[in-house]
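Residue numbers (my numbering), protein chains in the order written: chain C, 1 to 280; chain A, 281 to 629. Beneath this line is the structure, given in structure tokens, with notes to follow.
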């Protein structure tokens, strides 16, 4: 952690994005300016601008292939952007690796669940706590007092985090053996364990039935209130998006076609044309 | 009830592993002092220890880190040659044989770790098949280097030369490594007890590491590299830790191995040896340390046990190997073992 390069802090510029009133006087947690990426000539995302407030729940929607997940991959540096800047809490993040981005404050879940399937649920959460567990390889091998203390704290913290979703009793089960819904929840817990200031959720409600989705909506709001963090989510379930998101950004063919509050988005002709459809 | 049992799950596995090794040592030691072992088995005690350490250490790379390495014997040979060289240098300085052996094994581990680090820099950038092929190449390179390396010791210190013997030793000097001839006239100071101690140290390192922050990170990389990066784990660092530890343990076992014989040559540590150890690991189960221990011991003894088949010995060995692989891989047998386990513990879900 100490070896991390000192990032350059830029002064945030005023921008036209919608940010909830309670966050308006604070600088945004995330700011993207003219973000874009090309894959050998194909422009996947172009001129993406967005700002997210400190405790905002924001949505990123759009048809399949619009580039939503690519935006997540750009934010977490799975891909290096071809153009544009990303400011995380005012820090310029170009040249950072995925791991450094996480330590600076972005945690994410994946569209196709990516858990450590052969490890227990508890170990998955402890891995999220990895950078907060303070002992080296040697202390671990020699079982120094440091090891026992840090592991005990990690164990308690892991159970505490699992209790958000009432999953403490699953701690000893292999993550790969969990039912689908629990795997999605575990991924969120693991991401939260890294102590992020911005949580990215990639289709958290995919494959869930309406009652599970309703529960998930409550939980997302609960997480925001509990951890006081910003959440950006990609989702196709419009009830969820319109229900909890305060600001929504609509992507189509890699370009932002609309931004606004749920009501503005619902009535935006361009969004209806490209994504929502006329029936709604 | 939950908490005590929870702690039990991993710890119990470790306790069983240590117990098996200690009991096996005590039994063999008793049989040996009681003169009840044939000389061929007696002579295999140290190699068995060596192969157990090799298998457990390779399991760290293949089973725990999840990267196929085909050059493990290369690290063994680095350990063997550097260990023996150090032992020869210290011949007069350190009188106690066990101490000299210990220093030689530590030296072997250090040199193998350095080799592992240097090889790891390019190799760990690769994944899967590519990594396997490149480790294979490095194993061969190490073998070629030792086949052409001459190291001599005289009153002026150490002399090195490559390709041909240009060490020009002063009178009374001694050629330690003689190119393709390898090392001759080694003091056979390896003992079964030393092998046992090395196994215990290896188990402590590997098992403790697996149940610590470091081991979790390594296993996370194996299970899902992208997810591991996304939660802030430095992938290269942890891959390197696992790879270097694995190489160091192989180096220590190499030193022990070399000093069990009066001569040792680089050809002993070729591709076949790497594959043999890989067979132990696969048979014992990837990531299963106790499995590696048992498989290494059983398969090292097996050719000896099949002596009754005379000319068909190696053929039988191969057939037994195939049958065991099929059996351990079949769901029927696995289900049977799981049922046994279920009955014993009376729980599991």
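Yeah, the Cβ is synthetic: ideal placement off N, Cα and C, and Gly gets one too.
Through-space distance from residue j to residue i, alpha-carbon basis
i: residue 93 of chain C; j: residue 438 of chain A; result: 52 Å
i: residue 221 of chain C; j: residue 244 of chain C; result: 7 Å
i: residue 337 of chain A; j: residue 155 of chain C; result: 28 Å
i: residue 325 of chain A; j: residue 522 of chain A; result: 28 Å
i: residue 13 of chain C; j: residue 34 of chain C; result: Confidence at residue 13 of chain C is low in this model, with a pLDDT of 46, below 50, so its placement is unreliable and the value that follows should be read with caution. So the alpha carbons of these two residues sit roughly 13 Å apart.
i: residue 513 of chain A; j: residue 38 of chain C; result: 27 Å
i: residue 240 of chain C; j: residue 217 of chain C; result: 6 Å
i: residue 569 of chain A; j: residue 560 of chain A; result: 11 Å
i: residue 297 of chain A; j: residue 125 of chain C; result: 27 Å
i: residue 288 of chain C; j: residue 51 of chain C; result: In the structure displayed, chain C extends from 1 to 280; residue 288 of chain C sits before or after that span and is not available.
i: residue 250 of chain C; j: residue 494 of chain A; result: 41 Å
i: residue 227 of chain C; j: residue 56 of chain C; result: 12 Å
i: residue 44 of chain C; j: residue 127 of chain C; result: 32 Å
i: residue 552 of chain A; j: residue 321 of chain A; result: 22 Å
i: residue 101 of chain C; j: residue 32 of chain C; result: 14 Å
i: residue 345 of chain A; j: residue 264 of chain C; result: 50 Å
i: residue 168 of chain C; j: residue 248 of chain C; result: 34 Å
i: residue 259 of chain C; j: residue 293 of chain A; result: 56 Å
i: residue 554 of chain A; j: residue 47 of chain C; result: 53 Å
i: residue 580 of chain A; j: residue 571 of chain A; result: 14 Å
i: residue 399 of chain A; j: residue 290 of chain A; result: 33 Å
i: residue 152 of chain C; j: residue 211 of chain C; result: 36 Å
i: residue 534 of chain A; j: residue 497 of chain A; result: 28 Å
i: residue 30 of chain C; j: residue 365 of chain A; result: 59 Å
Residues that residue i contacts on chain C, provided the C-beta gap is smaller than 7 Å
i: residue 503 of chain A; result: 116, 117, 118 and 119
i: residue 494 of chain A; result: 137 and 140
i: residue 521 of chain A; result: 137
i: residue 393 of chain A; result: Chain C residues near residue 393 of chain A: none, gap ~13 Å exceeds 7 Å.
Proximal residues of chain A, C-beta to C-beta of residue i below 9 Å
i: residue 71 of chain C; result: Simply none; closest approach about 15 Å.
Within chain A, the residues that residue i reaches when beta carbons sit closer than 7 Å
i: residue 99 of chain C; result: 509, 512, 513 and 514
i: residue 190 of chain C; result: 511
i: residue 76 of chain C; result: 510
i: residue 133 of chain C; result: 493
i: residue 194 of chain C; result: 511 and 512
i: residue 123 of chain C; result: 496
In DSSP terms, what residue i is bridged to
i: residue 255 of chain C; result: C:252
i: residue 295 of chain C; result: The displayed coordinates of chain C run from 1 to 280. Any statement about residue 295 of chain C would go beyond what the structure contains.
i: residue 83 of chain C; result: C:36
i: residue 260 of chain C; result: C:248
i: residue 122 of chain C; result: DSSP output for residue 122 of chain C lists no bridge partner at all.
i: residue 146 of chain C; result: Residue 146 of chain C is not bridged to any residue.
i: residue 429 of chain A; result: A:442
Closer than 8 Å at the beta carbon, the chain C residues around residue i
i: residue 289 of chain A; result: 172
i: residue 497 of chain A; result: 127 and 130
i: residue 405 of chain A; result: The premise fails here: residue 405 of chain A is roughly 14 Å from chain C at the closest Cβ pair, so nothing lies under 8 Å.
i: residue 528 of chain A; result: Within chain C, no residue comes near residue 528 of chain A; the closest Cβ sits about 12 Å away, beyond 8 Å.
i: residue 485 of chain A; result: 141
Closest by C-alpha distance to residue i, when choosing among the options
i: residue 412 of chain A; options: A:374, A:351, A:557 and A:459; result: A:351
i: residue 299 of chain A; options: A:483, A:496 and A:396; result: A:483
i: residue 186 of chain C; options: C:78, C:264, C:115 and C:144; result: C:115
i: residue 28 of chain C; options: C:192, C:91 and C:79; result: C:91
i: residue 309 of chain A; options: A:369, A:584 and A:475; result: A:475
i: residue 392 of chain A; options: A:419, A:582 and A:481; result: A:419
i: residue 276 of chain C; options: C:62, C:36 and C:54; result: C:62
i: residue 463 of chain A; options: A:443, A:398, A:473 and A:426; result: A:426
i: residue 76 of chain C; options: C:223, C:232 and C:252; result: C:232
i: residue 434 of chain A; options: A:440, A:454, A:442 and A:527; result: A:454
i: residue 139 of chain C; options: A:499, A:490 and A:556; result: A:490
i: residue 458 of chain A; options: A:595, A:510, A:402 and A:544; result: A:544
i: residue 163 of chain C; options: C:80, C:134, C:49 and C:122; result: C:122
i: residue 85 of chain C; options: C:66, C:173 and C:49; result: C:49
i: residue 261 of chain C; options: C:41, C:42 and C:58; result: C:58
i: residue 157 of chain C; options: C:144, C:82, C:145 and C:171; result: C:171
i: residue 526 of chain A; options: A:601, A:405, A:348 and A:589; result: A:348
i: residue 236 of chain C; options: C:201, C:79 and C:267; result: C:201
i: residue 133 of chain C; options: A:492, A:363, A:371 and A:382; result: A:492
i: residue 183 of chain C; options: C:238, C:119 and C:22; result: C:119
Chain C contact residues for residue i, given Cβ-Cβ distances below 9 Å
i: residue 488 of chain A; result: 140, 141, 142, 143 and 147
Chain A residues whose Cβ lies nearer than 8 Å to that of residue i
i: residue 102 of chain C; result: 509, 510, 511 and 512
i: residue 108 of chain C; result: 510
i: residue 89 of chain C; result: Result: empty, since nearest Cβ-Cβ is about 16 Å, beyond 8 Å.
Count the CB pairs spanning the segment 196-214 of chain C and the segment 105-115 of chain C that are closer than 8 Å, and state whether there are at least three. With a cut-off of 8 Å, the segment 105-115 of chain C and the segment 196-214 of chain C count as touching, because enough Cβ pairs lie within range.
Per the contact definition of three or more C-beta pairs closer than 8 Å, is the segment 329-347 of chain A in contact with the segment 575-592 of chain A? Yes, they touch.
Is it true that the segment 60-72 of chain C meets the segment 95-103 of chain C, where meeting means three or more beta-carbon pairs spaced less than 8 Å apart? As far as the Cβ criterion goes, the segment 60-72 of chain C does not touch the segment 95-103 of chain C, which means the pair count is below three.
Segment contact flag, the segment 358-369 of chain A with the segment 519-539 of chain A, C-beta cutoff 8 Å, min 3 pairs: Yes, since at least three Cβ pairs between the segment 358-369 of chain A and the segment 519-539 of chain A fall closer than 8 Å, the two stretches touch.
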